[in-house]
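As structure tokens, the structure follows; a few thoughts come after it.
Chains as they are written, first to last, in the numbering used here: chain W, 1 to 390; chain P, 1001 to 1290.
As structure tokens, then:
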């Protein structure tokens, strides 16, 4: 029995050796000719510029991060497909932060030290960018956040830029608009207790408090489900409007629960409202809500519509403000590479000198602090869609 | 204002009580903390939401179907993850429970994605106003349904044959089986009933807070466990009382202290109660078995 198996094995082994050596011979005969020639054409001329991206690709704020990645991806594809920059190929490296600032810090370190990226688009949430700021400053990697709106984020960090309006500008302009244009005079504020919510709350409270009255200020946490205690406290004060300083999921739930308990007020918000999910979950409870935004996909200019069409084709969904601001941020980086060069230092110079860049989120300039200068749009939910009212 | 917050607390607390019952029943019978219970609650909410939105099933039928399917999930879970470990150490079963919890959570994330789904209100939203409190129709329904479910459970345990078998098994598994009680059947029924209650809580919270997500079972699961411990784990009236107290404490903490510390307030109360009464509020009848 064992003899039989042994002889069978040895025959198989012999066959295997014959076949493999035969194949090897063939490979050597035909293989080498085209291989090196192809490599020789590409390697010396095209430089690979690595574009990092940090944001929440999973978790509660995942739609923000995914939108940012998609927006950057469209810009990167455009450059690579049209060979837009002679001899430069862009490579996108996206890192998931899960919306957690400590994981975002790790992602920034990984991109800067391990992957040696030339430039980073991100972080998405303000807390992520604040965690990443010192890391990219010491690594000297220029970073442009498409959406971190915390007040004073870019001050004192020559490598950190952003392409979005600060929370302060949004909230104080909204408060002004609510008082002068909407004629509201009694406000309540419900804010999410993170950098974003606190900055919005402070600016809104200051402006609204000087022009009119702020009757109640209540806080909540991200991923909260139950807002009844806060809404009951607010209802006691009889305000005309509630400013919700938070993101779309919580805003929609707050709207639903406010309606459920018979609290009929004007809902106000900031750019955290801008997502189709707001209307999906909020339904008729968010009807009439007014909020600030940096982008509106209903805009008819060809540049906006070109982006919207490409986005729909590639990702089969409507682009949001995050995708648009990320696309513009990536485009500002591409402009910088075109005018200055591909090293991190050259890209930093290019971004810092951005002046009247015709982006799809409006004409954008970068000031000496690395902050952006742009107009605030004000949108309103009407018939389940967003309408621009200013 | 105080009474308004009290009602908010009782409504929230009654859902915690339903979740806590699932924990306490299972613990009473096999001394296992079924950490996957929060995911059964989440499963119930998803089944209810999908039946109502996709299949246009009338709400109350969807509600009972969600309870029935969650029972099946509970039975399957017990059969696959806990029964093979019944004779091994309690730690092994506990770890299996944590594993089942993570598995179900990630399965839901994989199938449904991470975004929240809207649970449409099955009722025309209506608000009842009196001079000092406002109650919505959903809140009234949650209170009535929770009360009826708890009443039904008490009847099941006190008056029926299977209830007597359950109580006997909780007291002494081996003696009960010598008396001719089919332990496996009792455990299956316990998981089925506990899971159905959890799913009922999930569906009701879904229509109350109007959204359903794969991660929604995490915090309520933990709170249900805390409520069960607060009342005295293994005790059915304890779970009901613990759930109500926890809900009220949480809402009062949010309303009068700070909405950011509401979980801290709830857990601080747990610690204080356990310091003075380690067996929980109604846990005195529970004796340490040797």
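Glycine included, C-beta positions come from ideal geometry on N, C-alpha and C. These numbers were taken from a predicted model, which means no experiment stands behind them.
Is DSSP giving residue i helix, strand or coil here?
i: residue 391 (chain W); result: This structure does not reach residue 391 (chain W), given that chain W is present from 1 up to 390, and the question cannot be answered.
i: residue 159 (chain W); result: coil
i: residue 1094 (chain P); result: helix
i: residue 1128 (chain P); result: strand
i: residue 58 (chain W); result: coil
i: residue 358 (chain W); result: strand
i: residue 187 (chain W); result: strand
i: residue 1211 (chain P); result: strand
i: residue 363 (chain W); result: strand
i: residue 145 (chain W); result: strand
i: residue 1155 (chain P); result: helix
i: residue 26 (chain W); result: With a pLDDT of 41 at residue 26 (chain W), under the threshold of 50, the predicted position of this residue should be treated as unreliable, though the coordinate-derived value follows. Three-state DSSP puts residue 26 (chain W) in a helix.
Can you tell which of the options has the C-alpha that lies nearest to the C-alpha of residue i?
i: residue 1062 (chain P); options: P:1234, P:1215, P:1236 and P:1206; result: P:1206
i: residue 1015 (chain P); options: P:1143, P:1075, P:1160 and P:1281; result: P:1143
i: residue 1046 (chain P); options: P:1212, P:1076 and P:1166; result: P:1212
i: residue 1100 (chain P); options: P:1272, P:1255 and P:1217; result: P:1217
i: residue 320 (chain W); options: W:304, W:174 and W:245; result: W:304
i: residue 1278 (chain P); options: P:1258, P:1230 and P:1249; result: P:1230
i: residue 79 (chain W); options: W:344, W:334, W:353 and W:346; result: W:334
i: residue 1209 (chain P); options: W:226, W:215, W:212 and W:343; result: W:226
i: residue 68 (chain W); options: W:164, W:290 and W:152; result: W:164
i: residue 103 (chain W); options: W:264, W:161, W:59 and W:140; result: W:59
i: residue 1123 (chain P); options: P:1130, P:1215, P:1136 and P:1041; result: P:1136
i: residue 166 (chain W); options: W:148, W:130 and W:178; result: W:148
i: residue 1078 (chain P); options: P:1157, P:1184 and P:1018; result: P:1184
i: residue 1022 (chain P); options: P:1247, P:1253 and P:1227; result: P:1227
i: residue 370 (chain W); options: W:157, W:287, W:271 and W:297; result: W:157
i: residue 1112 (chain P); options: P:1146, P:1148, P:1215 and P:1058; result: P:1215
i: residue 1220 (chain P); options: P:1011, P:1034 and P:1041; result: P:1041
i: residue 403 (chain W); options: W:385, W:331 and W:386; result: Here chain W comprises residues numbered 1 to 390, so residue 403 (chain W) is not present and cannot be evaluated.
Within this structure, are the beta carbons of residue i and residue j separated by less than 7 Å?
i: residue 117 (chain W); j: residue 65 (chain W); result: no
i: residue 1249 (chain P); j: residue 1269 (chain P); result: yes
i: residue 262 (chain W); j: residue 1134 (chain P); result: yes
i: residue 174 (chain W); j: residue 292 (chain W); result: yes
i: residue 195 (chain W); j: residue 127 (chain W); result: yes
i: residue 1116 (chain P); j: residue 249 (chain W); result: yes
i: residue 170 (chain W); j: residue 381 (chain W); result: no
i: residue 1075 (chain P); j: residue 1200 (chain P); result: no
i: residue 242 (chain W); j: residue 190 (chain W); result: yes
i: residue 995 (chain P); j: residue 1194 (chain P); result: Outside the shown range of chain P, which is 1001 to 1290, sits residue 995 (chain P), and nothing can be said about it.
i: residue 433 (chain W); j: residue 273 (chain W); result: It is not possible to answer for residue 433 (chain W), since the shown part of chain W is limited to 1 through 390.
i: residue 139 (chain W); j: residue 105 (chain W); result: no
What distance in whole Å lies between the Cβ atoms of residue j and residue i, which are believed to be in contact at a cut-off of 8 Å?
i: residue 1203 (chain P); j: residue 1066 (chain P); result: 5 Å
i: residue 215 (chain W); j: residue 186 (chain W); result: 6 Å
i: residue 1029 (chain P); j: residue 1186 (chain P); result: 7 Å
i: residue 1166 (chain P); j: residue 1157 (chain P); result: 6 Å
i: residue 161 (chain W); j: residue 351 (chain W); result: 5 Å
i: residue 1020 (chain P); j: residue 1239 (chain P); result: 4 Å
Between residue i and chain W, is any beta-carbon pair separated by less than 7 Å?
i: residue 1056 (chain P); result: no
i: residue 1105 (chain P); result: no
i: residue 1210 (chain P); result: yes
i: residue 1036 (chain P); result: no
i: residue 1130 (chain P); result: no
i: residue 1001 (chain P); result: yes
i: residue 1134 (chain P); result: yes
i: residue 1116 (chain P); result: yes
i: residue 1184 (chain P); result: no
i: residue 1127 (chain P); result: yes
i: residue 1259 (chain P); result: yes
i: residue 1251 (chain P); result: yes
i: residue 1255 (chain P); result: yes
So, does the CB of residue i fall closer than 7 Å to a CB anywhere in chain P?
i: residue 108 (chain W); result: no
i: residue 103 (chain W); result: no
i: residue 421 (chain W); result: A query on residue 421 (chain W) cannot be resolved here, the shown segment of chain W reaching from 1 to 390 and no further.
i: residue 219 (chain W); result: yes
i: residue 262 (chain W); result: yes
i: residue 62 (chain W); result: yes
i: residue 229 (chain W); result: yes
i: residue 192 (chain W); result: no
i: residue 83 (chain W); result: no
i: residue 242 (chain W); result: no
i: residue 46 (chain W); result: no
i: residue 317 (chain W); result: no
Mind listing the chain A neighbours of residue i? Cutoff is C-beta to C-beta under 7 Å, in chain order.
i: residue 233 (chain W); result: Among the protein chains in the structure shown, which are W and P, there is no chain A.
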